[in-house]
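S.K.:
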Amino acid sequence: MVIADFSEHGQELSKQLNTDGYDTLFLKTDVTKEEEVKHMITETVKQYGKLDIMFANVGIANDNVAHELTFEQWKRTIDINLSGVFLSNKYAIEQMLKQGKGGVIVNSGSIHSYAGKKGVTAYSSAKGGVKLLTQTLTVTYAKEGIRVNAVCPGYIDTPLIAGADTEMRQHLINLHPLGRLGKPEEVKSCLIFS
Amino acid sequence: MRLENKVAIITGAGTGIGKETALLFAREGAKIVITDINEDSGNQAVKDIQSHGGEAIFIRLDVSKEEDWKKVTEKTIHSFGKVDILFNNAGIYIIKPLAEIQLEEWNRLMSINVTGVFLGMKHIMPLMAKQKKGSVINASSIAGLMGAPGHVLYGASKGAVRIMTKDAAIEYAPTGVRVNSIHPGYIDTGMAEYASKVTGSTKDELGKEFPMGRLGTVKDVANMVLFLASDESSYTTGAEFVIDGGATAR
Ligand SMILES: NC(=O)c1ccc[n+]([C@@H]2O[C@H](COP(=O)([O-])OP(=O)(O)OC[C@H]3O[C@@H](n4cnc5c(N)ncnc54)[C@H](O)[C@@H]3O)[C@@H](O)[C@H]2O)c1
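See below:
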């Protein structure tokens, strides 16, 4: 397994997994840089000989309402959350087509691939794009055996929402009829299924 | 095992998707209540599970009859003491042009595909709510998501299942009981056989119309139902899951 991250956290995770007896490789990758994404795929193939599964999970949160959202913030959110998914899908597909045996791609959508909410201006634009990108790739590569799906979680208790204060947290909980936030492992189980 | 010590009721479990799901659930450690209107196939499904070392009983159920549901509820509790999973799978399929649909067949299909799912949820979900946990999976179809010629009747029934699922999910979310719907494309069972006869296309030709270029298998569906039945999907309710070779991505 290749763990790609922009930050060094990925390095620690990879080390931890390797001491636990798993075989992982950390590749520092900025998904908005085409060369780095290409490198991520070629290094994966160099190390493990092939690529079967790609989880395009990277994403950042942005909660600014439109009139307070700078163009820079908009571009950065779209760049990471949408263009980053495109690039990693593009080069993964290229490799999977070469292998000729299909493959599985899981993209990170969100509840905001479907529904709007105050402030999720750039975030929902990107995540809505991920949903339709996923559907388009599904139809395009189904015959080649490449399955492309998106997981669209509600609010999951991760560092992404660590910025929320108690009131905001309660507000987020209230958005979910089950009356609590999701746990990361509840997304994980869905991914393993995919 | 992914369903260890869980008790599952499956309707229409004598053949097709229901039977395959029952066999898979049993392998994953669940105790199975096989229900079907057809006693022979239902009893056979029980035997098949038992011959693989699983635990199952058969209760005859016409999903459209409330009396039958009361019986199923009582006997399940009597035999196993609880219900963790309900798979409302029983259904029938009629393809017919709008103007040719007889009111009697409309009512009959609705009584099985819609009323059957309603009655199942009505009788089982309150028991699950008392246990503060449970998972219900309702069989809709891609016909509940998109239109097709000859599908006014069947599509209406599956569309009803889709939205009933969401309504029940919201109502029961505070109790910890989850309800989701599955939406298969053409799956290689008696139903695809029937569709092939009615449309005059071979099953292969039907499969070619899907982006992945093949029909689905009962195993493709059973694995999805297993995920939704298990605790792995514990934050998922009121949602739609397609098993359709990419058909609804178009
Ligand atoms: N096969 C497909 O292509 C397909 C596609 C989409 C959705 N579905 C849905 O999946 C479900 C299962 O389909 P399948 O392909 O396994 O069908 P199937 O015909 O193979 O099996 C249906 C089972 O339901 C039972 N049944 C019929 N009427 C009943 C009643 N009133 N009470 C109790 N049991 C009854 C039958 O005896 C049979 O065992 C159905 O709800 C169907 O609409 C199937």
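Residue numbers (numbering that gives the first Met the number 0), protein chains in the order written: chain W, 0 to 193; chain S, 0 to 249.
By construction, the Cβ of each residue, glycine as well, lies at the ideal position given by its N, Cα and C atoms.
What you are looking at is a predicted structure, and each value in this text was computed from that prediction instead of being measured.
1) Which chain S residues are close to W/Gln72, counting only those with a beta carbon under 7 Å from its beta carbon?
2) List the residues of chain S that W/Glu35 touches, going by C-beta distances under 8 Å, in chain order.
3) Rounded to whole angstroms, what's the CA-CA distance from W/Ile2 to W/Thr23? Just pull it up for me.
4) Cβ closer than 7 Å: which chain A residues qualify as neighbours of S/Pro125?
5) Cβ of S/Ile186 within 7 Å of Cβ of S/Gly215?
6) From the DSSP output, which residues share a beta bridge with W/Ala114?
7) Alpha carbon to alpha carbon, how far is S/His77 from W/Asn148? Give it in angstroms, no decimals.
8) Closer than 7 Å between beta carbons: that is the criterion. Which residues of the region 18–44 of chain S meet it against chain W?
9) Looking only at its own chain, which residues have a Cβ that is under 6 Å from the Cβ of S/Ala167, when we skip the five neighbours before and after it?
10) Determine whether the Cβ of S/Phe226 lies closer than 7 Å to any Cβ atom of chain W.
11) Enumerate in chain order the residues of its own chain whose CB-to-CB distance from S/Leu225 is below 8 Å, with the five nearest sequence positions on each side excluded.
12) With DSSP as the reference, identify every bridge partner of S/Ser134, one or two as the case may be.
13) List the DSSP bridge partners of S/Pro183.
14) For W/Lys35, which three-state DSSP category applies?
15) Have a look at W/Gln46 and W/Leu26 and give me their C-alpha separation to the nearest angstrom.
16) Alpha carbon to alpha carbon, how far is S/Asn37 from S/Met127?
17) I want to verify the contact list: residues of chain W whose CB lies under 7 Å from the CB of S/Ala248, in sequence order.
18) Taking 7 Å as the cut-off, decide whether the C-beta atoms of W/Thr76 and W/Ala121 are in contact.
19) Verify the CB distance criterion: does S/Gly133 have a CB-CB separation below 7 Å to chain W?
20) S/Ile169 versus chain W: which residues are under 9 Å apart at the beta carbon?
21) Classify W/Asn88 as buried or exposed, calling it buried when 16 or more other Cβ atoms lie within 10 Å of its own Cβ.
22) Short of 9 Å Cβ to Cβ, which residues in the region 48–65 of chain W face chain S?
23) Any idea which residues DSSP pairs S/Ala228 with across the strands?
24) Helix, strand or coil: how does DSSP classify S/Arg161 here?
25) Which two residues bound the contiguous alpha helix (DSSP H) that contains W/Val186?
26) Below 6 Å CB to CB, which residues in the same chain sit around S/Thr10 once its five sequence neighbours on both sides are set aside?
27) Since S/Ile84 and S/Gly53 are thought to touch, with beta carbons under 8 Å apart, how far apart are those beta carbons, to the nearest angstrom?
28) Straight-line CA distance for S/Val82 to S/Pro183?
M.R.: Looking at the coordinates:
1) Those within 7 Å of W/Gln72 in chain S number zero; the least Cβ separation is about 29 Å.
2) Ordered by position in chain S, no residue passes the 8 Å Cβ test against W/Glu35, which lies about 29 Å from the chain.
3) Approximately 7 Å between the Cα atoms of the pair.
4) Structure shown: chain A not included; protein chains present are W and S.
5) Closer than 7 Å, so yes.
6) According to DSSP, W/Ala114 bridges with nothing at all.
7) Near 42 Å, if we compare the C-alpha coordinates of S/His77 and W/Asn148.
8) So nothing in the stretch comes that close.
9) The beta carbon of S/Ala167 sits closer than 6 Å to the beta carbons of Met120 and Val178 from its chain, once the five residues preceding and following it are set aside; these are given in chain order.
10) Taking a beta-carbon distance threshold of 7 Å, S/Phe226 counts as an interface residue toward chain W.
11) Same-chain partners within the cutoff: Arg1, Leu2, Thr20, Leu23, Phe24 and Glu27.
12) DSSP output for S/Ser134 lists S/Ile84 and S/Arg177 as bridge partner(s).
13) Residue pairing for S/Pro183: DSSP places it in a beta bridge opposite S/Ile242.
14) Checking the sequence shown, residue 35 of chain W turns out to be Glu, not Lys. Helix.
15) Here the alpha carbons of W/Leu26 and W/Gln46 stand approximately 11 Å from one another.
16) Distance between the alpha carbons of S/Asn37 and S/Met127: 27 Å.
17) Chain-order list of chain W residues neighbouring S/Ala248: Gln134, Thr137 and Val138, by C-beta distance under 7 Å.
18) Yes, these two residues count as a Cβ contact at 7 Å.
19) No - not a single Cβ of chain W is within 7 Å of the one on S/Gly133.
20) Correct list: Pro176.
21) Label assigned to W/Asn88: buried.
22) Here the close residues number zero.
23) Bridge partners of S/Ala228: none, in fact.
24) Helix.
25) Pro183 to Phe192 is the extent of the alpha helix (DSSP H) around W/Val186.
26) These residues qualify, in order along the chain: Thr34, Val62, Asn87, Asn88 and Ala89.
27) Between S/Gly53 and S/Ile84 the Cβ distance is about 14 Å, and since that is not below 8 Å, they are no contact.
28) Cα to Cα, the separation comes out at about 25 Å.
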